[in-house]
Amino acid sequence: MKRYRFIYLLVFLIGIPTSNAQVISPGELILDHEPWDALENCTSCHELGTRGVAPDKCLSCHTPLRDRIDLELGLHATFDEPNCASCHKDHFGRDFDSIRFDTTSFDHGLTGYDLLQSHEEVSCISCHESDNQVEAEYLNFRNQHSLNGESYLGLDETCESCHASDGVHGDQFLLDTCSSCHDADAWTIAPLFDHDESDYPLTGEHIPLECASCHKPSPADPDVVLYSPLEFAECSNCHEDEHQGAFGPTCMTCHVTTGWNTIAADDFESTFDHSTTEFPLIGSHQSATCASCHSASSESPGIELEFIRSTLGNTYPHPVGDTCQNCHEDAHVGTTEETSCASCHTEFGWDPSEFDVFRHQDETDYPLEGAHMAVLCSQCHNTGTPTASGYTSLPFEVLDQTCEGCHSTDNPHEEQFSSSTCASCHDTNAWEEVTDTFDHNTTLFPLTGSHTLASCASCHTPVETGSVLFEDLSSTCISCHEPDNPHLDQFDDTTCATCHDDVSFRISVFDHESTSWPLDGAHEKVVCTSCHFPTLDTEVVQFRGIGTLCEDCHGGNKTP
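Residue numbering for the sequence shown follows the working numbering, starting at 61 and increasing by one per position.
See below:
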């Protein structure tokens with residue numbers, strides 16, 4: 061019965077004009093619900109016989125919200141039992157705001173989108189405005205019902221949905237999101253961007269650089285900073301080429317990113333073409349290490365480096381290279397100042413020198429002769445004094461050109477000829493031979509007879525010190541011939557010359573009259589050996605102590 065009464069009442073109310081419906085309605089609907097503000101539309105939101113509003117009635121119209129709840133997205137999906145009317149009131153007039161809550165304490169994380177960093181400070185309307193509503197379903201809903209866009213729906217969580225007008229990258233990052241580089245703190249920094257994940261990982265001195273050091277505004281649009289595409293294949297894309305193209309476009313052939321003054325030594329030293337410099341490497345220079353010439357602390361023997369001042373801070377400072385002496389220690393200790401090293405040496409090595417015997421003959425005041433022509437330079441030009449780096453100094457200014465100037469250490473005569481020169485007896489062919497210019501007759505012992513055929517060593521023999529005696533020798537025969545004395549001291553008081561001359565030991569003329577047994581008669585024709593012969597107990601010929609009686613020689617025989 062009650063049901064019929066309600067139906068009668070409803071039919072009655074439908075027949076009442078709208079203006080009169082307000083008498084029955086609790087109040088005007090909000091502006092967005094105005095199209096339903098009529099008695100015939102009550103059941104669009106209300107169920108007959110039930111107070112309040114059924115949530116499914118709300119969601120049957122508010123389809124974008126319904127779909128989010130079904131997908132468990134957003135704030136409304138967090139309610140166990142949805143009751144729209146508990147938060148959203150109506151029938152309070154056109155200007156009533158049906159979305160009423162405390163925005164200062166609202167936990168935005170309930171929506172599934174936490175507000176972080178600078179987002180925490182912005183007002184709701186900064187993001188939730190109609191211009192930022194981009195969700196297609198909501199836009200269709202808004203247009204269908206001619207809504208003014210005052211809603212918290214319709215936003216996209218991407219940065220671009222709100223910050224499209226803030227974009228400074230143009231169309232450089234169409235495939236990337238803002239969050240690839242930025243967080244919600246500030247646009248001016250990009251803490252989430254990992255340059256190592258790009259096509260150009262940062263190393264060395266590139267790491268601390270500000271982005272703006274490399275990424276400049278686009279010439280086409282000063283408001284757009286260039287990030288991609290950006291030329292970076294060669295260092296010269298960003299850096300000015302100090303070498304003006306002399307070494308090609310690839311700086312990494314020599315340099316590394318830890319600094320221009322640091323060189324990739326292993327690669328650089330094995331590939332660098334020194335011929336591109338003002339000092340092409342030739343000969344032994346090709347095998348020298350870079351540090352031999354380009355290191356202020358070079359320990360290479362014989363290298364004394366001076367560097368061009370403006371290059372001292374470089375990894376490879378430039379040596380002063382006008383002359384060889386700029387790098388190489390002068391082993392000739394200044395005795396060749398008027399001559400360049402290249403006049404005698406080449407880059408292929410200090411030895412052999414190109415200053416040969418023939419040049420020594422033509423260009424010096426001491427032409428080489430005899431054995432001197434085969435002597436090493438260092439045997440004459442050697443002070444024995446080491447240079448700073450340990451080399452033996454080889455001065456070419458020889459002050460003493462006498463034999464003694466070089467041969468004082470191998471003088472076999474010691475001080476015997478202090479008043480004479482070596483050239484008095486020797487020439488440059490050999491020490492062992494005495495020259496034809498030496499005349500023994502100018503000495504205290506002129507050579508005659510067989511002495512003229514004897515070698516020097518026959519008379520001049522070494523003593524214990526190794527020195528050969530030439531002065532203070534005895535001139536007696538016995539001083540040399542004592543070992544072959546055939547007379548066994550029979551003539552201690554008589555010289556050899558009494559009987560012998562220096563042609564031979566054979567007696568050529570002996571005056572027997574000067575003895576105690578003058579020869580006369582037949583004795584004058586008798587040969588010496590008839591009377592003088594060895595005794596039985598020795599091979600020495602007896603000359604003294606022979607009997608003078610006839611029977612001493614003739615026995616018992618008597619001449620008739």
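Even for Gly, the Cβ is constructed at its ideal location relative to N, Cα and C.
Next item on the list: With distances taken Cα to Cα, identify the nearest neighbour of Val182 among Tyr198, Thr164 and Ala196.
Entry: Thr164
Next item on the list: Out of Pro594, Ser330 and Ser239, state which residue places its alpha-carbon closest to the alpha-carbon of Val217.
Entry: Reading the sequence as shown, one finds Glu at residue 217 and not Val. The candidate whose alpha carbon is nearest that of Glu217 is Ser239.
Margin query: Which residues does DSSP list as the beta-bridge partners of His388?
Written below: Ile363
Item checked: CA nearest to the CA of Ala224, picked from Gly209, Asp245 and Asp191 -> Asp191
Margin query: Considering Cα atoms alone, identify which of Thr536, Cys537, Ser535 and Ser518 is closest to Val528.
Written below: Ser518
Check: If you draw a straight line from the alpha carbon of Phe66 to that of Asp167, how long is it in whole angstroms?
Finding: Because Phe66 sits at a pLDDT of 41, beneath the cut-off of 50, its placement in the model cannot be relied upon, and the point is left open.
Checklist line | Which listed residue (Leu135, Asp411, Cys187 and Val586) has its alpha carbon closest to that of Cys437 | finding: Asp411
Next item on the list: With a 10 Å radius around its C-beta and 16 neighbouring C-beta atoms as the bar for buried, classify Cys387 as buried or exposed.
Entry: buried
Notebook entry, point to check: Can you list, in chain order, the residues of its chain whose CB lies under 7 Å from that of Ser79, leaving out five sequence neighbours each side?
Noted result: In this predicted model, Ser79 has a pLDDT of only 46, less than 50, meaning its place in the structure is not dependable enough to derive any value.
Checklist line | Three-way DSSP call (helix, strand, coil) for Val417 in this model | finding: helix
Next item on the list: Return the residue from the list His486, Phe156, Val587 and Thr502 that minimises the CA-CA distance to Cys463.
Entry: His486
Item checked: Inter-residue spacing [alpha-carbon to alpha-carbon] between Ala272 and Ser211 -> 40 Å
Next item on the list: Over the uninterrupted beta strand (DSSP E) stretch that includes Asn319, give me the two end residues.
Entry: The sequence given here has Gly at residue 319, not Asn. From DSSP, the beta strand (DSSP E) with Gly319 extends over Gly319 to Ile323.
Item checked: Phe156 Cβ short of 7 Å to the ligand FMN heavy atom set -> Here there are no bound small molecules, and the ligand FMN is not part of this structure.
Next item on the list: Helix, strand or coil for Ala81, going by three-state DSSP, please let me know.
Entry: With a pLDDT of 48 at Ala81, under the threshold of 50, the modelled position of this residue cannot be trusted, and the question is left open.
Note to self: Pull the bridge partners of Pro277 from the DSSP assignment, please.
What the structure shows: Val285
Item checked: Three-state class that DSSP yields for Thr406 in the structure shown -> strand
Next item on the list: May I have a chain-ordered list of the alpha helix (DSSP H) segments no shorter than 4 residues that lie completely inside the segment 78-121?
Entry: 78-81 and 115-121
Item checked: Those residues which DSSP pairs with Pro522 across a bridge -> Val528
Check: With a CB to CB cut of under 8 Å and the five nearest residues on each side skipped, what residues in its chain are close to Leu133?
Finding: Gly172
Next item on the list: Put Tyr68 into one of helix, strand or coil per three-state DSSP.
Entry: In this predicted model, Tyr68 has a pLDDT of only 41, less than 50, meaning its place in the structure is not dependable; the value taken from the coordinates is given anyway. Reduced to three states, the DSSP call for Tyr68 is helix.
Check: How would you label Arg202, buried or exposed, when you count the other beta carbons within 10 angstroms and need 16 or more for buried?
Finding: buried
Next item on the list: Kindly list the residues whose CB is nearer than 7 Å to the CB of Cys222, restricted to its own chain and excluding five residues on each side of it in sequence; keep chain order.
Entry: Cys187 and Asn192
Check: Where does the unbroken alpha helix (DSSP H) through Asp127 begin, and where does it stop?
Finding: Thr123 to Asp130
Checklist line | Supposed contact pair Gly87 and Phe152 - C-beta distance, whole angstroms, cut 8 Å | finding: 6 Å
Notebook entry, point to check: Can you name the start and end residues of the alpha helix (DSSP H) that Gly42 belongs to?
Noted result: Residue 42 lies beyond the stretch modelled for the chain, which goes from 61 to 620, so this question has no answer here.
Checklist line | Beta-bridge pairing of His315 - partner residues as DSSP gives them | finding: Ile323
Item checked: Proximity to Pro455 [Cα-Cα], best of His541, Ile84 and Gln439 -> Gln439
Notebook entry, point to check: Under a three-way DSSP split, which group does Thr452 fall into?
Noted result: strand
Next item on the list: Report yes or no: do the segment 394-410 and the segment 365-373 share at least 3 C-beta pairs separated by less than 8 Å?
Entry: no
Notebook entry, point to check: Under a Cβ-count criterion, where at least 16 other Cβ atoms within 10 Å of its own Cβ denotes burial, should Ile323 be classed as buried or exposed?
Noted result: buried
Checklist line | Exposed unless 16 or more other CB atoms sit within 10 angstroms - verdict on Gly607 | finding: exposed
Notebook entry, point to check: Can you tell me the Cα-Cα spacing of His242 and Gly169, whole angstroms?
Noted result: 20 Å
Notebook entry, point to check: Is the beta carbon of Ser344 less than 8 Å from the beta carbon of Glu407?
Noted result: yes
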